[in-house]
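Right, one structure below, let's go through it.
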Amino acid sequence: MLKKEDIVHIATLARIGLKDAEIEKYQRELSLILDYFKKLENADTENIQPIGHITGVDNVLRIDEAFEGEVDVREGIFNNFPDTRNNKVKVKSILA
Amino acid sequence: MIREIHENLKSGKITSLELTEKYFDSIKEKDDKILAYLTLNKDNALKSAQEVDDKIKKGEEIDLIAGIPMALKDNMCQKGVRTTAASKILDNYIAPYDATVVKKIKKEGVVILGKTNMDEFAMGASTESSAYQKTKNPLDLSRVPGGSSGGSAAAVAGEMAVYALGSDTGGSIRQPAAFCGVVGLKPTYGRVSRHGLIAMASSLDQIGPITQSVEDAAIVLSRIAGMDKKDATSAQSSGKLYEDYLQGDIKGMKIGVPKEYFGNDLNEEMRKISFEALEKFKELGAELVEVNIPHNEYALPTYYIIVPSEISSNMARFDGIRYGLSIDDEEKSKIGNGNLLETYLDTRENGFGDEVKRRIMLGTYALSAGYYDAYYKKAQKVRRLLRQDFEAAFKKVDVIFSPTAPEVAFKFGEKTLDPLQMYLSDIYTVTANLIGAPAISFPIGKMTEDGVDLPVGGQLMGKWFGEEELLNAAYTFEINNK
């Protein structure tokens, strides 16, 4: 069973704010699901390589060059920014 | 159905404008109850319809799907249209560009009626996790339409769209198609570009059609398939028209029946209907062959490790900075004031629903130091074993049959309290995504529950990039089972 501190730690890593009442709920739910995952321990994976890409596509490359984006697409992206200043996206200060 | 409408449009029996109006009337009449749509786009739809009508009037050639009204799952970007993925975190998001699939069908003159409801970010199997509304199954309003493409399946089954596009990460096209009595196709991974699809688990996501017939699924697939430089995982396509491969003949085809899929835990009635379908295939000239999928029991836990892991990474982009909801509530916050971390925590706490938070945290845990090998790496190894199981099986058979879901459409709230129960609804569908193979769900019978006849879906899985054979098998069954 995951401990309360585990849930708080995971939530902070995942950048999700939690209410105190939620901690217990996730403690219970996540522990149940993790228990279910234990089933995998029985699978014999000795000498088996993890699979990277399922249809075996190799590196896909393109020429590294700048191209002019469409103006209305750029405007569309810009309009979705929650906060802007001087035609730039505004980011919160990293240090308080 | 698409072909018939196409002929009617060409002969002038109906105009695209009339047809589009008819579908909006149908939506107006039914969708108050069914709640399949999140956003309607009548002005755009009528404009597209008019353009097709003008072409027909001028005697120009039109494509099979031109002028035909359809619906888009709300995780696909349509330029200038609100695209929420059924999440509050994208409540105000207006797609700045068209997804590749949207661009492709627009080019053929398609009429997009609107955007359909889904589980939030496609995480769910009942569409109940939508932050906006609970879509009802048109065949029984007390039951779910399945998920995550529940709105798309309900729109098609409720005759509020001729067809719809959905996305399928572990059954999200096929299971709702089965629950609503329609056809759903998940193409081979890479067959259809994912550019402009809001990602859930990138190594598994694939876009595909939900339609009223197998032929329609083939027609739509032909229009959305192909390589796209904006999706590096998309594969070359020779520009095939899949509808040309529907011969209606499967004599000599070998259909694999994995014994692991028909174990004791399968519902008796479901087993009976599945075996009747297999008998039908036999009558049509197919040969039934027992096959083994030795690692089958690991498919679901493998899937539910890989999916949250990829989710925890994909969802990192919802940070309150680049788009969507942004909350910086000093009152609510426990740390600092007005800083970046606080914005992250507040935005994601308020913007994401329970299932999304659960999966992000699970994935974060599975990928964290000390657990990575035991969970994610182990799952990726088992994924290879599963693929090997199927490579061996497909040496003996052409397609593999199973039920689509272990149950018929269930009632609202039946599984929402226990996430694991909801996950088990995907037991037959996740494998096709894990191994990247194509799979189709099509109606094979009906089961009666509480006096209501509910559809049962059968699933065929095909060889990698073998959609022609897969579609032909389902098509042959369908035309002989009316």
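Protein sequences, first through last, are from chains E and H.
The numbers in our numbering rise by one with no breaks, and the one at position 17 of the first sequence is 0.
With positions in the second sequence counted from 1, the corresponding number in our numbering is that position plus 141.
Backbone N, C-alpha and C define an ideal beta-carbon position, used for all residues, glycine too.
Closest by CA to residue i, which one among the options?
i, options, result
"I6 (chain E)", "E:V40, E:L(-15), E:V54, E:I60", "E:L(-15)"
"T545 (chain H)", "H:Q316, H:I447, H:G291", "H:Q316"
"I143 (chain H)", "H:D357, H:E170, H:K220", "H:D357"
"F20 (chain E)", "H:Y234, H:G255, H:Y506, H:P579", "H:Y506"
"V132 (chain H)", "H:E148, H:N185, H:G598", "Residue 132 (chain H) falls outside the range modelled here, since chain H spans only 142 to 623, and no answer is possible."
"M341 (chain H)", "H:K392, H:V448, H:A318, H:E249", "H:V448"
"S566 (chain H)", "H:E162, H:F551, H:L575", "H:F551"
"L382 (chain H)", "H:G389, H:L362, H:K370", "H:L362"
"I99 (chain H)", "H:G554, H:I462, H:I620, H:Y513", "With chain H covering 142 to 623 only, the question about residue 99 (chain H) has no answer from this structure."
"T374 (chain H)", "H:T224, H:Q347, H:K498", "H:Q347"
"W605 (chain H)", "H:Q562, H:Q529, H:L595, H:L466", "H:Q529"
"M264 (chain H)", "H:V497, H:Y304, H:K171", "H:V497"
"Q32 (chain E)", "H:K522, H:D559, H:S543, H:F531", "H:K522"
"R(-2) (chain E)", "H:E490, H:D390, H:A177, H:E384", "H:E490"
"D372 (chain H)", "H:S334, H:T352, H:E451, H:E532", "H:S334"
"Y402 (chain H)", "H:S415, H:I391, H:K392, H:P279", "H:S415"
"E424 (chain H)", "H:N408, H:K277, H:D406, H:K392", "H:K392"
"E608 (chain H)", "H:E384, H:L575, H:V398", "H:E384"
I'd like to check one pair, residue j with residue i: are the Cβ atoms closer than 8 Å?
i, j, result
"K400 (chain H)", "V430 (chain H)", "no"
"Y238 (chain H)", "T225 (chain H)", "no"
"S271 (chain H)", "D281 (chain H)", "no"
"T310 (chain H)", "G292 (chain H)", "no"
"L595 (chain H)", "L611 (chain H)", "no"
"A212 (chain H)", "G255 (chain H)", "yes"
"A366 (chain H)", "P328 (chain H)", "yes"
"K248 (chain H)", "I197 (chain H)", "no"
"D469 (chain H)", "E483 (chain H)", "yes"
"S450 (chain H)", "Y512 (chain H)", "no"
"V251 (chain H)", "I314 (chain H)", "no"
"V549 (chain H)", "F320 (chain H)", "yes"
On the three-state DSSP scale, how would you describe residue i?
i, result
"G325 (chain H)", "strand"
"M602 (chain H)", "strand"
"F583 (chain H)", "strand"
"P399 (chain H)", "strand"
"K475 (chain H)", "Low local confidence applies: a pLDDT of 46 at K475 (chain H) is under 50, so the model's placement there is unreliable, with the coordinate-based value given in what follows. Note: K475 (chain H) maps to coil in three-state DSSP."
"Y616 (chain H)", "helix"
"E590 (chain H)", "strand"
"E410 (chain H)", "helix"
"Y178 (chain H)", "strand"
"D372 (chain H)", "strand"
"A212 (chain H)", "strand"
"N622 (chain H)", "coil"
"N25 (chain E)", "helix"
"N455 (chain H)", "helix"
"D281 (chain H)", "strand"
"V40 (chain E)", "coil"
"Y304 (chain H)", "strand"
"D309 (chain H)", "strand"
"A366 (chain H)", "strand"
From which residue to which residue does the beta strand (DSSP E) around residue i run?
i, result
"F542 (chain H)", "540 to 544"
"G465 (chain H)", "Where G465 (chain H) is concerned, there is no enclosing beta strand (DSSP E), given that its DSSP letter is neither H nor E."
"Q347 (chain H)", "347 to 352"
Could you tell me the boundaries of the alpha helix (DSSP H) in which residue i lies?
i, result
"G504 (chain H)", "495 to 508"
"D194 (chain H)", "183 to 198"
"P435 (chain H)", "It is not in any alpha helix (DSSP H) - P435 (chain H) carries neither H nor E in the DSSP assignment."
"V252 (chain H)", "Run containing V252 (chain H): none in the alpha helix (DSSP H); it sits in the beta strand (DSSP E), 252 to 257."
"Y9 (chain E)", "3 to 20"
"L526 (chain H)", "519 to 537"
"T572 (chain H)", "571 to 576"
"Y386 (chain H)", "Per DSSP, Y386 (chain H) belongs to no alpha helix (DSSP H) and is neither H nor E."
Cβ closer than 7 Å: which chain H residues qualify as neighbours of residue i?
i, result
"D66 (chain E)", "S467"
"V43 (chain E)", "A373"
"V54 (chain E)", "Going along chain H, no residue has its Cβ under 7 Å from V54 (chain E), so there is no contact; the nearest lies around 11 Å."
For a contact meaning CB atoms closer than 8 Å, what does residue i contact in chain H?
i, result
"N62 (chain E)", "I235, P237"
"K22 (chain E)", "E438, Y439, P442"
"V74 (chain E)", "I462, L481"
"I77 (chain E)", "N480, L481"
Using a cut-off of 8 Å between C-beta atoms, extract the partners of residue i located in chain E.
i, result
"S509 (chain H)", "I(-7), L(-4)"
"I501 (chain H)", "A(-3), I(-1)"
"K370 (chain H)", "R45"
"R525 (chain H)", "I31, Q32, P33, I34"
At a CB-CB cut-off below 7 Å, which residues of chain E make contact with residue i?
i, result
"P560 (chain H)", "E12, I16"
Along chain E, which residues have their Cβ under 9 Å away from the Cβ of residue i?
i, result
"G265 (chain H)", "Chain E residues near G265 (chain H): none, gap ~14 Å exceeds 9 Å."
"K498 (chain H)", "A(-6), A(-3), I(-1), L1, E5, Y9"
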